Structures are given as C-alpha cells and as structure tokens.
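In our numbering, the protein residues as written are 352 to 911.
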C-alpha cells in the first residue's frame, strides 16, 4: 500500500509552535524590542542594534545553487534544514529568508519558505499578507506614480517629458493585462493621457532599496535619489524633485523592521524583503542579516537562483553595502538536476545514468570554481531523492573528491534537522578550519563595460559581452550623470551560464548580448539586461488560486 506523504500545509498545520515572544526571549531579544503581530509573528525594533552594537558577529553562511532545472534543487528547504540541523548539534543558528510575493502564491505553485519538514511557519500567514510589508512597498511606490501625474496636471514646472517616464506602477499580483496600459483618459479633469504599465511589487526599486538600506534615514535618502523620469532636455527627474521621499519613509516606518517567525523545529527565522532576483539582487534585507549575525553563532541566508546570479550579486552588491563577509558557501544540487544538465529528459531522471551525471557535474564544478574566486570555502549539499542509486552517489563523491570539495547528502525535506546533521557537522568543520580571504570580483571604479565583461568572462565563461546600440547609448547617459561607479546587477536567464536558457551544463565559446542598461540610483546599482525580463507575470491556465480555499473554522486548504 502506498504511503501518502502529507502536503506542506498539512505538515505546517500540525506543527507545535512556540509563542513568538518565547522565541525572542530565548534568543536574547528584550520584550520592549518586540512588536507582536498576533501570537506567532513579530517585528523587531531597530533600537536593538544600539544595545547589541558591541556584540561580536556570528558566522555568515550563504546558501546558493547550481543553475536551476525543472527537476528542482531545494535551496530554501536546505537553508531551513541547515539552520535546524546546526541547532541540533549545539550551535546557535538563525536563518534569514526573503518574503514570498502574492503573485506566485496565487499563480504557479511557489512562494512557501522551504518544504516538507524543513519549513518556516506559520506558512499561511507568511505566504499571504504576513505583516503587511508588501502592501507598504506597493503604497510607497504608487504614491510616486500619483505624484508624477499630479505634477504634470498641475503645470509641470519640472518639464517632465511624459514619453520619458521610467517609473511604472506596481501591484503584488500576477496580472498580464496591466503590463502596458494608457492612463489619464476621460478628459481634462483626469490629467494628461500617457502610456504606462504595472510591474509586480517585488520588482519595485522601493523593494530593492529596503533590502540594501541600513536604517530608515538611509532608506529615505535612497528614495530621494531614485530617477523617475527625464525632462524634455533629457535631464533626470528624481523623487527629491517631487519632494515625496519623506511621505514614502512614513509609509515604510514599520516595513523596515525585520519580521521574526520560526521553523517547524522552533529555530528563529528572520523573513524580510523579497527583491526580484533578476532586475534586483534577490536577497533578504541587510538589516535582517545583520540582526541574525548579532544574535547567533551562525546566520544562514540564501541568494536567488544559481550562484552565477544570486551569489555573485550577494558578494558584489550586498556585501559592499553591508560591510559583512561570508565565512562559507553551501552550493545546493540534486543528482536528478545534475543528470538534467547532462542531457537527460525530465521523464527519464529516475533511471540510473552515470554518464549524464558526470557530464552534468560540469555545471556544479564551474559554480564551485566561481565561488572560490571570491576567496570562500565551499560545501556541496545534495538533496537526496529515493531514485538516487548507490552507484550515482558513489560517482558523485568521487567527482567532488577530484575537485577537492566536501559533499554532504541531506534528507532535511523528509526528516527535518535530523536529516541535515552530517551537512551541519561538515559545514562547522569547514568554517573552523578555513579562513576566508574574501574579495570582490571587480573594482567598482571600472567602467560599466569593463565591469560587465569581467562578470561575463570570469563567472559565465563567455568570450565577452556585446552591447547593442541602444544599450551603449544608455551606458553613455549613465556616465554623463556621473552614476557609473555603482555595482552591476546582471539580469539574465537563470537556467544557463549563458544568455540562452537552453544551453545547460557548462557551455563554452559564446557571447553575452546586452540589450538594455537601466539605472537604479536609489537602490544603488546598474541593471544590465541580457534578455527580456518579465516584471509582471501572468497567471497559468489553471492558477493555484483555484485550489486555495478556507472552511467555516478558518482552516486554509490547498495553499501548497
């Protein structure tokens, strides 16, 4: 008889949660530093940093992955499971994750933090409105949109060119009909008609700035620097010119405080911010990570997508602004995903295939080499599947041995922290016996073209980057504004080292084509687009929303 595996939501609903105030007290957070949002969620006051400023930081562990495949890798599950396992072996560990967006929750199945017995709870709250951060970001962003149209309606003293407004509106929902719209119809009283569009809230520069800010005043200053449009003379118009940065900061006064929840095994979890991993940097807030480092021996965080995107941005953008340095990196993979990178079709992944595994291992090997370029020790974490054969596991160990990297098979999805004890022990051993010699990939003062080429050649292993005429024009504009000495935020497909999603494994001898270069002056980076990045997803034929329901007792079903 087949044993039914409970769904993520069933596992989460059967968990024994501790009151969040108890979790806070256990970890040295004082009662007046906790702002409760019900029994199991809280925000932590930023005043805590004054009290903890002289406390030494714990170790910072970054979890990243190979290039993602439809076979799944389980990066968030590994992050949660590793935090639980570290606590099981007597190390004080906290995890830090991004907040889910409502768009994927009601669209394609996604959003939940972790899975199986390595989850963050209360999962229904975290996946739905949580503590309202997404709504605050949406409101702050759309206040700017309202201010732009109002300024034009009231006489346009700044000389804003309606054809050069680069600030779109946002909504935290998948709604393809809003990608390109016309606003201001209906006559004189409704303003001037112009083209506009919506992005999903997590694509907002307000979100990226929240995650890179050090405090509320820094966030307000980042808002002020954001470029929203250009004048008829081609000069940038900023939020400072519209003078609404103060009002935006008021809307964000609570959203800037990190959220505290817990895992299924009562490990504290700081879930704060959720920037796009393509047009932004794809990591939780610096504030949450810094708080975890003050409270724990080990702070485990993750970066979106594979190490070629998420980890590179974490090192070159997040670490620059935060001033912290990772102590070790965990690269997540599965034998199934490696076989897919070796050319196996999804339906055949359960069959043993040593040849494909060896070929697909090239993808993992390249990520290991790349992370070592930053001067950091690496642990490979393999999420174990029942279809993994002994021969495949043995080959994987041999291949890892060949490149001198420690590997651990974990079963945190099925067994929680218990299934990650080997991984936790190997990580601690790695950290205690290796001193990181961290360095950035590029000098921030190099030109935009030089910085992009450095990433393309050294991380993607491309021959170089080719800029279209439009992209070069945009580069020159940024240079004229004197804003070119910022880190680069690459936007490319997550599925390949190249800009072609179908080139799996470890492709060679290709060029990266840069189609567009955008300035995020407030967030503090330059976005380099190598393809068409979707900033407002659509719903699938059968959206997840059709399976989500609530009964008369308030129990939510169908969420994951």
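For each residue, glycine too, the CB sits at the ideal point set by N, CA and C. These numbers were taken from a predicted model, which means no experiment stands behind them.
Identity of the residues DSSP links to residue i by a beta bridge
{"i": "residue 840", "result": "878"}
{"i": "residue 862", "result": "815"}
{"i": "residue 561", "result": "Bridge partners of residue 561: none, in fact."}
{"i": "residue 549", "result": "520"}
{"i": "residue 869", "result": "878"}
{"i": "residue 445", "result": "650"}
{"i": "residue 410", "result": "649"}
{"i": "residue 301", "result": "Residue 301 is absent from the structure shown; the chain starts at 352 and stops at 911."}
{"i": "residue 466", "result": "469"}
{"i": "residue 760", "result": "733"}
{"i": "residue 912", "result": "Nothing can be reported for residue 912, as the shown portion of the chain is limited to 352 through 911."}
{"i": "residue 682", "result": "415, 731"}
{"i": "residue 456", "result": "According to DSSP, residue 456 bridges with nothing at all."}
{"i": "residue 533", "result": "546"}
Proximity of residue i and residue j at Cβ, strictly below 8 Å
{"i": "residue 496", "j": "residue 520", "result": "yes"}
{"i": "residue 810", "j": "residue 906", "result": "no"}
{"i": "residue 703", "j": "residue 742", "result": "yes"}
{"i": "residue 839", "j": "residue 879", "result": "yes"}
{"i": "residue 692", "j": "residue 420", "result": "yes"}
{"i": "residue 807", "j": "residue 863", "result": "yes"}
{"i": "residue 852", "j": "residue 458", "result": "no"}
{"i": "residue 529", "j": "residue 624", "result": "no"}
{"i": "residue 415", "j": "residue 661", "result": "yes"}
{"i": "residue 433", "j": "residue 485", "result": "no"}
{"i": "residue 610", "j": "residue 593", "result": "no"}
{"i": "residue 765", "j": "residue 468", "result": "yes"}
{"i": "residue 566", "j": "residue 397", "result": "yes"}
{"i": "residue 778", "j": "residue 679", "result": "yes"}
{"i": "residue 557", "j": "residue 491", "result": "yes"}
{"i": "residue 596", "j": "residue 368", "result": "no"}
{"i": "residue 553", "j": "residue 481", "result": "no"}
{"i": "residue 733", "j": "residue 763", "result": "no"}
Residues near residue i by beta carbon distance below 8 Å, same chain, minus five either side
{"i": "residue 533", "result": "544, 545, 546, 547"}
{"i": "residue 441", "result": "none"}
{"i": "residue 438", "result": "444, 616, 618, 768"}
{"i": "residue 917", "result": "The requested residue 917 is not part of the displayed model; the chain covers only 352 to 911."}
{"i": "residue 902", "result": "908"}
{"i": "residue 856", "result": "692, 693, 694, 710, 711, 713, 714"}
Assigned exposure category for residue i - 16 Cβ within 10 Å defines buried
{"i": "residue 352", "result": "At residue 352, the pLDDT of 41 sits below 50, so the modelled position is not reliable; the number obtained from the coordinates is stated separately. Flag for residue 352 reads exposed."}
{"i": "residue 354", "result": "Because the pLDDT of residue 354 is 48, which lies under 50, any placement of that residue in the model is unreliable, and the number read from its coordinates should be weighed accordingly. Looking at its Cβ environment, which holds fewer than 16 other Cβ atoms inside 10 Å, residue 354 is exposed."}
{"i": "residue 674", "result": "exposed"}
{"i": "residue 798", "result": "exposed"}
{"i": "residue 780", "result": "exposed"}
{"i": "residue 583", "result": "exposed"}
{"i": "residue 407", "result": "exposed"}
{"i": "residue 804", "result": "buried"}
{"i": "residue 893", "result": "exposed"}
{"i": "residue 573", "result": "buried"}
{"i": "residue 412", "result": "buried"}
{"i": "residue 588", "result": "buried"}
{"i": "residue 859", "result": "exposed"}
{"i": "residue 477", "result": "buried"}
{"i": "residue 850", "result": "buried"}
{"i": "residue 632", "result": "buried"}
{"i": "residue 405", "result": "exposed"}
{"i": "residue 451", "result": "buried"}
{"i": "residue 837", "result": "buried"}
{"i": "residue 475", "result": "buried"}
Cutoff 6 Å; reference residue i; Cβ partners in own chain excluding five residues on either side
{"i": "residue 401", "result": "none"}
{"i": "residue 647", "result": "409, 443, 444, 445"}
{"i": "residue 366", "result": "472, 615"}
{"i": "residue 531", "result": "548"}
{"i": "residue 629", "result": "842, 884"}
{"i": "residue 861", "result": "813, 849"}
{"i": "residue 551", "result": "454, 887"}
{"i": "residue 846", "result": "418, 852"}
Minimum Cβ-Cβ distance from residue i to chain B less than 8 Å
{"i": "residue 690", "result": "Absence of chain B from the displayed structure is noted, only one protein chain being present."}
7 Å CB neighbourhood of residue i in its chain, flanking five on each side removed
{"i": "residue 385", "result": "372, 375, 393, 395"}
{"i": "residue 707", "result": "690, 693, 694, 695"}
{"i": "residue 581", "result": "512, 515, 587, 588"}
{"i": "residue 643", "result": "445, 447, 621, 650"}
Quick check for students: name the residue ranges of the alpha helix (DSSP H) that lie wholly in the region 703-741, counting only runs of 4 or more.
Entirely contained in the region 703-741, the alpha helix (DSSP H) runs reaching 4 residues are, in chain order, 705-724.
Fully enclosed by the region 558-628, which beta strand (DSSP E) runs are 3 residues long or longer?
Segments of the beta strand (DSSP E) lying fully in the region 558-628: 578-582, 587-589, 610-614, 619-622.
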